[in-house]
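Chains as they are written, first to last, in the numbering used here: chain Z, 1 to 210; chain G, 1 to 210.
Note that the Cβ used here is the ideal one computed from N, Cα and C, for glycine as well.
Number of protein chains: 2
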Amino acid sequence: MPSRLEKARQAPDSMKGRILEAARRLFGEYGFSGVTTRMLAKEVGIDISTLYYHWGEKQDLYEAVMADLSCEIRGKLREIERMVRGAALSHRLEVAIEVMCDWLFEHPEAAKLMLSSYMGKSRSAPDTHVPIKEHIANIAVAMGLALDTAHVPARANARVLTVWNSVINFTAGEDFFRPLLGVNRNEYRSVVKETLKFILIPAFARSSAA
Amino acid sequence: MPSRLEKARQAPDSMKGRILEAARRLFGEYGFSGVTTRMLAKEVGIDISTLYYHWGEKQDLYEAVMADLSCEIRGKLREIERMVRGAALSHRLEVAIEVMCDWLFEHPEAAKLMLSSYMGKSRSAPDTHVPIKEHIANIAVAMGLALDTAHVPARANARVLTVWNSVINFTAGEDFFRPLLGVNRNEYRSVVKETLKFILIPAFARSSAA
DNA sequence: AAAAGAGTCCATCATTTGTTGGAAATTTAT
DNA sequence: ATAAATTTCCAACAAATGATGGACTCTTTT
Numbered sequence: 001m002p003s004r005l006e007k008a009r010q011a012p013d014s015m016k017g018r019i020l021e022a023a024r025r026l027f028g029e030y031g032f033s034g035v036t037t038r039m040l041a042k043e044v045g046i047d048i049s050t051l052y053y054h055w056g057e058k059q060d061l062y063e064a065v066m067a068d069l070s071c072e073i074r075g076k077l078r079e080i081e082r083m084v085r086g087a088a089l090s091h092r093l094e095v096a097i098e099v100m101c102d103w104l105f106e107h108p109e110a111a112k113l114m115l116s117s118y119m120g121k122s123r124s125a126p127d128t129h130v131p132i133k134e135h136i137a138n139i140a141v142a143m144g145l146a147l148d149t150a151h152v153p154a155r156a157n158a159r160v161l162t163v164w165n166s167v168i169n170f171t172a173g174e175d176f177f178r179p180l181l182g183v184n185r186n187e188y189r190s191v192v193k194e195t196l197k198f199i200l201i202p203a204f205a206r207s208s209a210a
Numbered sequence: 001m002p003s004r005l006e007k008a009r010q011a012p013d014s015m016k017g018r019i020l021e022a023a024r025r026l027f028g029e030y031g032f033s034g035v036t037t038r039m040l041a042k043e044v045g046i047d048i049s050t051l052y053y054h055w056g057e058k059q060d061l062y063e064a065v066m067a068d069l070s071c072e073i074r075g076k077l078r079e080i081e082r083m084v085r086g087a088a089l090s091h092r093l094e095v096a097i098e099v100m101c102d103w104l105f106e107h108p109e110a111a112k113l114m115l116s117s118y119m120g121k122s123r124s125a126p127d128t129h130v131p132i133k134e135h136i137a138n139i140a141v142a143m144g145l146a147l148d149t150a151h152v153p154a155r156a157n158a159r160v161l162t163v164w165n166s167v168i169n170f171t172a173g174e175d176f177f178r179p180l181l182g183v184n185r186n187e188y189r190s191v192v193k194e195t196l197k198f199i200l201i202p203a204f205a206r207s208s209a210a
């Protein structure tokens, strides 16, 4: 039996990887309690016990999904940090919004999983939050809102969180917001990016000029 | 047996009202699938069948919760509209943020319910979204982003949605964000308001001056 | 006081759900 | 080719869950 504490990424064509991928999609769509082991097995096209064989209990699988996601987010943020290092603040923000939106629009489950991780308790106790705290602190420093990641003022963190949340929201909620705006997929994506830049950049540009 | 299509608000001391209140709290906290009829009954301190007697199936109760919430939101938005009618745009925004935050901080389940209504599908089909579309359009007109509620550009709606979502997020996610900022309840509330005003007002003030 | 009605609870049922043991099938090693 | 290990499926179980019928209690009406 394969280890359940496996940290390495799963090959997407392996059974273990296929299960993880389906779990991510379904957990993102219906939440932890909204997904049954039978739904998962059916989605992958396998028997329930095969699922248990690879990942153990439902909660273990959920935790694996969150750990995997967390790892991916961390990588993405580092990538962005590398891209904008040394640039002007408004340019940094613009690139960050652009890149995060592009990625999250292609992985809406990721945004949904993070949202339910922030907002939702579950009586079945998968308290596996994505460890976003460090990332927020890093971004705050990168944006010049703080001098050192160990001492970031609450105000600075709150400002970063506002940006972060706005991106997560529009990507996670596309199915609900897009009909509301009456636009197609491509239009939605460009309107969202435009709006986020329009709203978020001026505030920070001003504070950086001051 | 009382009608299940009852539209009027329930007296908060009646059994039907107490059940609705508990349902709102629990559905907000754990989501539709995360709440069992037994949890609900226990929360109110009654038997399961009493619950069924008053509200029928679980889905009916959930829909009642959402309808009630929707009604309350509508009232709150009208109240805000009345308060800021005729004022300058930046003042309108400030008051709207202030009042909505105050109310949602006192009713965090409301914010959580709306979020899960936007983001989450459920296989048990309570597709009862809060009809936010009209409200967003009204706000857009009130903010001078559109001339008439029937023809609001997607851009305008998207901007209003950004504001709306930011407020919802910080109020719904207090339990997660507050430890992250390392502040107490009162500090959190004031930091959130300050941050929202700091970020959201400049963008609109600029566009209004142009 | 008696009857009618409304509200609550107990016991129970049928399904769903998480989970497991063990047999069959498939792959890998010898 | 044969044995060993790995992977998959079938069948089943116990607990949890949504839902209901009927008895009991309390209030209101006549």
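As assigned by DSSP and simplified to three states, the class of residue i
i                      : result
residue 152 of chain Z : coil
residue 10 of chain G  : coil
residue 193 of chain G : helix
residue 182 of chain Z : coil
residue 143 of chain Z : coil
residue 87 of chain Z  : coil
residue 175 of chain Z : helix
residue 57 of chain G  : coil
residue 47 of chain G  : coil
residue 70 of chain G  : helix
residue 159 of chain G : helix
residue 166 of chain Z : helix
residue 82 of chain G  : helix
residue 123 of chain G : coil
Per-residue burial, residue i [other beta carbons within 10 Å of its own, 16 or more giving buried]
i                      : result
residue 139 of chain G : buried
residue 210 of chain Z : Because residue 210 of chain Z carries a pLDDT of 45, less than 50, the predicted location of this residue cannot be relied on, and no value is offered for it.
residue 147 of chain G : exposed
residue 154 of chain G : buried
residue 12 of chain Z  : exposed
residue 75 of chain Z  : exposed
residue 54 of chain Z  : buried
residue 80 of chain G  : buried
residue 3 of chain G   : Reliability of the predicted coordinates at residue 3 of chain G is poor, the pLDDT of 47 falling under 50, and the value obtained from them is presented with this limitation in mind. With fewer than 16 other Cβ atoms within 10 Å, it is exposed.
residue 5 of chain Z   : Caution is warranted here: a pLDDT of 46 is assigned to residue 5 of chain Z, below 50, making its placement in the model unreliable, and the coordinate value is therefore given only provisionally. Under this definition residue 5 of chain Z is an exposed residue.
residue 92 of chain Z  : buried
residue 48 of chain G  : exposed
residue 68 of chain G  : buried
residue 174 of chain Z : buried
residue 165 of chain Z : buried
residue 222 of chain Z : Chain Z is shown only over 1 to 210; residue 222 of chain Z falls outside these bounds and no answer can be derived.
residue 83 of chain G  : exposed
residue 86 of chain G  : exposed
residue 134 of chain Z : exposed
residue 24 of chain Z  : buried
residue 111 of chain Z : buried
residue 109 of chain G : buried
residue 88 of chain G  : exposed
residue 159 of chain G : buried
Continuous alpha helix (DSSP H) stretch holding residue i: start and end
i                      : result
residue 20 of chain G  : 15-30
residue 37 of chain Z  : 37-44
residue 109 of chain G : 108-119
residue 132 of chain Z : Element bounds for residue 132 of chain Z: n/a, residue is neither H nor E.
residue 33 of chain G  : Element bounds for residue 33 of chain G: n/a, residue is neither H nor E.
CB of residue i within 8 Å of CB of residue j, strictly
i                      : j                      : result
residue 97 of chain G  : residue 181 of chain G : no
residue 136 of chain G : residue 157 of chain G : yes
residue 113 of chain G : residue 64 of chain G  : no
residue 198 of chain G : residue 172 of chain Z : no
residue 122 of chain Z : residue 45 of chain G  : no
residue 115 of chain G : residue 201 of chain G : no
residue 28 of chain G  : residue 31 of chain Z  : no
residue 170 of chain Z : residue 118 of chain G : no
residue 26 of chain Z  : residue 39 of chain Z  : yes
residue 18 of chain Z  : residue 105 of chain Z : no
Cβ-heavy atom distance, residue i to the ligand ADP, below 7 Å
i                      : result
residue 193 of chain G : Because no ligand of any kind appears in the structure shown, any question about the ligand ADP cannot be addressed here.
Worksheet item: At a Cβ cut of 9 Å, what residues of the stretch 178-196 of chain Z count as close to chain G, listed as they run along the chain?
Response: 179, 180, 181, 182, 183, 187, 188, 191, 192, 194, 195, 196
Chain G contacts from the stretch 111-122 of chain Z (Cβ-Cβ distance under 7 Å): 112, 115, 118, 119, 120, 121, 122
Chain Z contacts from the stretch 143-171 of chain G (Cβ-Cβ distance under 7 Å):
154, 155, 157, 158, 159, 161, 162, 165, 166, 169
Subject >> Proximal residues, the stretch 31-62 of chain G versus chain Z, C-beta separation under 7 Å >> reply: 31, 33, 34
| message | Against chain Z, which members of the stretch 71-104 of chain G pass a CB distance test of less than 7 Å? | response | none
Margin query: To be precise: take each residue of the stretch 12-30 of chain Z, compare its Cβ to all Cβ atoms of chain G, and keep it if any distance is under 9 Å. Which residues remain?
Written below: 29, 30
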